[in-house]
Amino acid sequence: MAETIIRVKDLHKKYGDFEAVKGISFDVMENEIFGLLGPNGAGKSTTLEIIETLREKTSGEVYVNGLNLDESPNEIKKIIGVQLQTSGYYPGLNLTELIHLFAGLYNEDIDPMALLDTVNLRDKARAKFKELSGGQKQRFSIATTLINKPRIIFLDEPTTGLDPQARRNLWDLIRDIRSRGTTVIITTHYMDEAEVLCDRVAIIDSGKIIALNSPDKLIDELVATGFEKPREVKQANLEDVFIQMTGKHLREE
Ligand code: ADP
Ligand code: MG
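Every number in my numbering is 829 more than the matching position in the sequence shown, counting from 1.
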């Protein structure tokens, strides 16, 4: 049986008079890919940043690997990996230099080439961050979440703005990280992405969780209500056509 690695109980967050998170509760199991889905402004990033110890909550309880957020934020920081906004990197440093910088901050001894291999960026070791494509920047920022060998990584909309190949490459990378034993929490507003990538998802709307289950079960539940798609479902979609014709390989973009 999988163990609970994150427990959130009745979490509330107010910004002044505005309540962005209105009492949400969920558990994340060890080694799953858990998705927080919802439209812009739903409260996904707020929730994530509270768990990451980067934002104060208004009320509620959060436990990460059994550690109480109120009592042990520093212990929690040691076992999680957080993706920075891509604007947070020194644009003039090359990837090897950036890895050394982060490794120093975490007091970790890291082989930059081995780390770059895990995200398929070995040939960019001497490239500056600003010289990377959008997909490469995202892959590099995911690599930096792994430097402190975390139990859990948090990815906030890692595929927003990427083209189909870059998105699919990132999905493979995320699955790969999970297969090595890391728990992944990801936010997205792309439902196709959540459907293929996440083991379970919480759908969050206006600060409340309105559904929580595996994508398969949520779809089955909807179908069981008698729901039918208005149009005949095709065996492929336009994105499949595009990927089939242009290939799935890594590109310079
Ligand atoms: P999401 O990540 O789902 O798009 P956010 O958690 O970023 O949503 O935001 C949820 C709501 O809280 C939004 O209405 C947003 O405008 C508001 N909000 C987020 N951060 C702040 C802040 N620092 N001050 C005031 N309101 C905020
Ligand atoms: Mg957000």
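We treat Cβ as the ideally placed atom computed from N, Cα and C, and that holds for glycine.
{"Check": "Cβ-heavy atom distance, residue 986 to ligand 2, below 7 angstroms", "Outcome": "yes"}
{"Check": "Ordered list of alpha helix (DSSP H) runs contained in the stretch 981-1063, each at least 4 residues", "Outcome": "993-1008, 1020-1026 and 1044-1053"}
{"Check": "Classification of residue 998 by the beta-carbon crowding that lies within 10 angstroms, buried from 16 upward", "Outcome": "buried"}
{"Check": "Under the three-state DSSP convention, the category residue 974 falls into", "Outcome": "helix"}
{"Check": "Cβ-based neighbour list, residue 972, same chain, cut-off 6 angstroms, excluding 5 preceding and 5 following", "Outcome": "944 and 948"}
{"Check": "Selected residue, minimal CA-CA separation from residue 844, among 838, 876, 866 and 859", "Outcome": "876"}
{"Check": "Selection from 895, 840, 860 and 1006 that minimises the alpha carbon distance to residue 878", "Outcome": "840"}
{"Check": "Residue 893 versus residue 1042: straight-line alpha-carbon distance, rounded", "Outcome": "20 angstroms"}
{"Check": "Contained beta strand (DSSP E) runs [length at least 3] in the stretch 907-978, N- to C-terminal order", "Outcome": "909-911"}
{"Check": "Own chain partners of residue 1077 with C-beta closer than 7 angstroms, once the 5 adjacent residues on each side are dropped", "Outcome": "994 and 997"}
{"Check": "Span of the beta strand (DSSP E), counted from its first residue to its last, around residue 866", "Outcome": "862-866"}
{"Check": "beta-carbon residue 973 near ligand 1 non-hydrogen atom, thresh 7 angstroms", "Outcome": "no"}
{"Check": "heavy atom of ligand 2 below 7 angstroms from residue 1035 C-beta", "Outcome": "no"}
{"Check": "Limits of the unbroken alpha helix (DSSP H) element including residue 874", "Outcome": "873-880"}
{"Check": "Backbone CA spacing between residue 1006 and residue 968 [nearest angstrom]", "Outcome": "12 angstroms"}
{"Check": "Limits of the alpha helix (DSSP H) - the one that residue 1067 falls within", "Outcome": "1067-1075"}
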